[in-house]
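Asker: Would you mind keeping the following structure in view while I ask a few things?
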């Protein structure tokens, strides 16, 4: 007797992973407008880096807090649902990001209620409409740069993941996860900056582009390595939920896809 779609644990797992992947990707885009100081957040003395003739401290977008989780979700879907699974959730997330920003721009251009504009003056926000527009109205160059980099990175990730898988078999899950992230995020880290800040209106010099791109890539790789135990924890939970036989079946189908 065949199960109904939502009675199939593998289907429910895919829906859970896809939903968590998409909400993290969309949130990373929206909160990415904030730049935070890592050293100040951790209560440390500012670290002055010097790369390609540029200097600065460790400042990142708030979106970097969520992208490592997106990497884990990508590799987990890749492991059990293969190329088609990753491509599906990647295009779905991209569509949802566009949808979200489209309605953010619509919301910005709605005429604000007169009383609402000054409602947060006591909290240090004299013009709520201006603040709302500044936060949610991220520049088009940044939006499209991030979106294009995301899609390119995801497509490269799934390809490299399966190349490593074919070479190593089912061993070394950490290697295919970290290796695919290393290649995809090298491209992602520089593509987004190139579109948003080199081609875009700010016209960054090459030295600044290389320095910031290198720093962002180093952060992403450090996070990817630090989260390897989480990858194995996710695998253990999936095997317990699906059963070892069903999990092995999915992995075989994913490897062959």
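Residue numbers (the UniProt record's numbering): 1 to 257.
All C-beta atoms in this analysis are idealised placements derived from N, C-alpha and C, irrespective of residue type, glycine included.
Since the structure is predicted, the reported quantities are computational estimates derived from the model, not experimental observations.
(1) Cβ atoms of residue 33 and residue 123: under 8 angstroms apart, would you say?
(2) Provide the residue span of the alpha helix (DSSP H) that contains residue 106, from first to last.
(3) By how many angstroms is the C-alpha of residue 203 removed from the C-alpha of residue 92?
(4) If we call anything under 8 angstroms between Cβ atoms a contact, is residue 185 one with residue 232?
(5) State yes or no: is the beta carbon of residue 169 nearer than 8 angstroms to at least one beta carbon in chain C?
(6) When we look at the beta-carbon of residue 179 and count the other beta-carbons within 10 Å, is it buried (16 or more) or exposed?
(7) According to DSSP, is residue 227 helix, strand or coil?
(8) Would you please state the rounded distance, in angstroms, between the beta carbons of residue 219 and residue 61? I believe it to be under 8 angstroms.
(9) Counting C-beta neighbours from all protein chains within 10 Å, is the total for residue 224 16 or more, i.e. buried, or is it exposed?
(10) Under the three-state reduction of DSSP, which class applies to residue 154: helix, strand or coil?
(11) Roughly how many angstroms lie between the CA atoms of residue 159 and residue 83, to the nearest whole one?
(12) Quick check: the stretch 144-155 against the stretch 203-212, are at least 3 beta-carbon pairs closer than 8 angstroms?
(13) When you compare each of 86, 27, 38 to residue 97 by their alpha carbons, which one comes out closest?
(14) Near residue 85, what residues of its chain come up, given a Cβ to Cβ distance below 6 angstroms and the 5 sequence neighbours on each side ignored?
(15) Does the beta-carbon of residue 129, which I'm using as the reference point, lie nearer than 7 angstroms to any heavy atom of the ligand ATP?
(16) By the three-class DSSP mapping on this structure, what secondary structure does residue 52 have?
(17) Given a cut-off of 8 angstroms on the beta-carbon distance, is the pair residue 187 and residue 175 in contact?
Answerer: Judging by the given coordinates:
(1) In this structure, residue 33 does not lie closer than 8 angstroms to residue 123 by Cβ.
(2) Judged by DSSP secondary structure, residue 106 falls within the alpha helix (DSSP H) whose first and last residues are 67-108.
(3) Inter-residue distance for residue 92 and residue 203 is about 31 angstroms (C-alpha atoms, whole angstroms).
(4) Not closer than 8 angstroms, so no.
(5) The structure shown contains no chain C, having only a single protein chain.
(6) The residue is buried, with at least 16 neighbouring Cβ atoms inside 10 Å.
(7) In the structure shown, residue 227 sits in coil (DSSP, three-state: anything other than H, G, I, E or B).
(8) So it is not a contact: roughly 10 angstroms between Cβ atoms.
(9) Label assigned to residue 224: buried.
(10) Secondary structure at residue 154: helix, using DSSP grouped into helix, strand and coil.
(11) Linking residue 159 to residue 83 through their CA atoms gives a straight-line distance of about 8 angstroms.
(12) By the criterion of at least three beta-carbon pairs nearer than 8 angstroms, the stretch 203-212 is not in contact with the stretch 144-155.
(13) The shortest CA-to-CA distance from residue 97 to any of 86, 27, 38 is the one to 27.
(14) Same-chain partners within the cutoff: 77.
(15) What this structure holds is no ligand at all, so the ligand ATP is not there to describe.
(16) Note: residue 52 maps to coil in three-state DSSP.
(17) Contact flag unset, no.
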